[in-house]
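So the sequence shown is residues 16 to 223, counted in the working numbering.
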Amino acid sequence: MQKIKHTTGAQKKGALLLELLIVISLLAIILSVGTQAVYVSLQSGKISGERDIAVGLASEALEAVRGAAEEKWQNIYDLTKASQHYKTVSSGNKWTLATGDETITVNNASYTRYVVIENVSRDASTRMIDTGTNYDPSTQKVTVTVAWPYADPVVMADYFLRWRNKVCNQTDWSGGVGSGVKNCPNTSYDSISPAGTIDTAGGTLKLQ
């Protein structure tokens, strides 16, 4: 004869309590994983948004340097190359460059931005850019770096070309032997002749 096993009330309560604990544990695990996923997603979105801002700031600086170079090539060509940091400055509705970094705050994030100018070498026969020292005075490499906490910096570079020349009038030769970049109008001249062989009396230039 088969015996019928009876379940007491205490046993039923114990089973229900165990099931409840299992459910609570599963919910805690699901909530923990979900919270981490949401946090990672929010952080990823935050970093992505900050990077977009950094890219915009780098592009803005490149365009400002381009404006300075188009205004006057010496605005970038005469600067200290490779090692010196520069920042773009608006002066009299024109862009210029000053030494140092600049700090820009956007949406409570602090960005550090700076510009570096480098000479560019070209192969003597192909005129392609190389890593030598045959520098082209009509080409400069401009690199903008934008850095902010807890992320890799954005680095953006471009090559600027001197495409516009300025005609400089020679009013007379009274300025004597000059060197370096000429001012306009100009009154000086370059000479490789020995001293005393050039006569500028009367506002004319005579080679003897």
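We put the beta carbon where it would ideally sit given N, CA and C, even for glycine.
These numbers were taken from a predicted model, which means no experiment stands behind them.
Same chain, Cβ closer than 6 Å to N134, five either side skipped, listed in chain order: To locate residue 134, count along the sequence shown from 1; it is residue 119. Same-chain partners within the cutoff: K96 and Y150.
Taking the beta carbon of Q155 as the centre, do at least 16 other beta carbons fall within 10 Å, making it buried, or is it exposed? Against the sequence shown, residue 155 aligns to sequence position 140. Under this definition Q155 is a buried residue.
Taking Cβ positions, are V159 and L112 nearer each other than 8 Å? For the purposes of this step, residue 159 is taken as residue 144 along the sequence shown, with counting starting at 1. For the purposes of this step, residue 112 is taken as residue 97 along the sequence shown, with counting starting at 1. For V159 and L112, no; Cβs fall outside 8 Å.
For the beta strand (DSSP E) holding Y126, just list the boundary residues, first then last. As a position in the sequence shown, residue 126 is number 111, starting the count at 1. A124 to R137 is the extent of the beta strand (DSSP E) around Y126.
Using C-beta distances below 7 Å, list every residue in its chain close to T148, excluding the 5 sequence neighbours before and after it, in chain order. For the purposes of this step, residue 148 is identified with residue 133 of the sequence shown, where counting begins at 1. Same-chain partners within the cutoff: S136.
C-alpha gap between V130 and Y165, whole angstroms: As a working note, residue 130 is residue 115 in the sequence shown. As a working note, residue 165 is residue 150 in the sequence shown. Near 21 Å, if we compare the C-alpha coordinates of Y165 and V130.
How would you write the range of the beta strand (DSSP E) that Q155 sits in, first residue to last? Within the sequence shown, residue 155 is the residue found at index 140, counting from 1. Counting along the chain, the beta strand (DSSP E) containing Q155 begins and ends at Y150 to A162.
DSSP state of A113, grouped into three classes? As a first step, residue 113 is located in the sequence shown; it is residue number 98 there, counting from the start. Shown here, A113 sits in a strand according to DSSP, grouped into three states.
Could you check whether A73 and W163 sit closer than 8 Å to each other, using their CB atoms as the reference points? Numbered from 1 along the sequence shown, position 148 holds the residue referred to as residue 163. Numbered from 1 along the sequence shown, position 58 holds the residue referred to as residue 73. For W163 and A73, no; Cβs fall outside 8 Å.
List the endpoints of the continuous beta strand (DSSP E) containing Y101. As a first step, residue 101 must be located in the sequence shown, where it is residue number 86. Unbroken beta strand (DSSP E) run through Y101: Y101 to S106.
With a 10 Å radius around its C-beta and 16 neighbouring C-beta atoms as the bar for buried, classify R128 as buried or exposed. Numbered from its first residue, the sequence shown carries residue 128 at position 113. R128 should be labelled buried.
Can you tell which of E117, E86, H100 and Y101 has the C-alpha that lies nearest to the C-alpha of N108? Against the sequence shown, residue 108 aligns to sequence position 93. Taking only the C-alpha atoms, the option nearest N108 is E86.
Take the Cβ of Y54 as the centre, count every other Cβ of all protein chains shown within 10 Å, and call the residue buried at 16 or more, exposed below. Taking the first residue of the sequence shown as 1, we reach residue 54 at position 39. In this prediction, Y54 scores a pLDDT of 48, lower than 50, which makes its location untrustworthy; the coordinate-derived value is nonetheless stated afterwards. The residue is exposed, with fewer than 16 neighbouring Cβ atoms inside 10 Å.
With Y174 as the anchor, note down where its beta strand (DSSP E) starts and where it stops. As a working note, residue 174 is residue 159 in the sequence shown. Unbroken beta strand (DSSP E) run through Y174: V169 to L176.
Candidates I132, W110 and T103, of which the one nearest T118 by Cα: Looking up residue 118 in the sequence shown gives position 103. It is T103.
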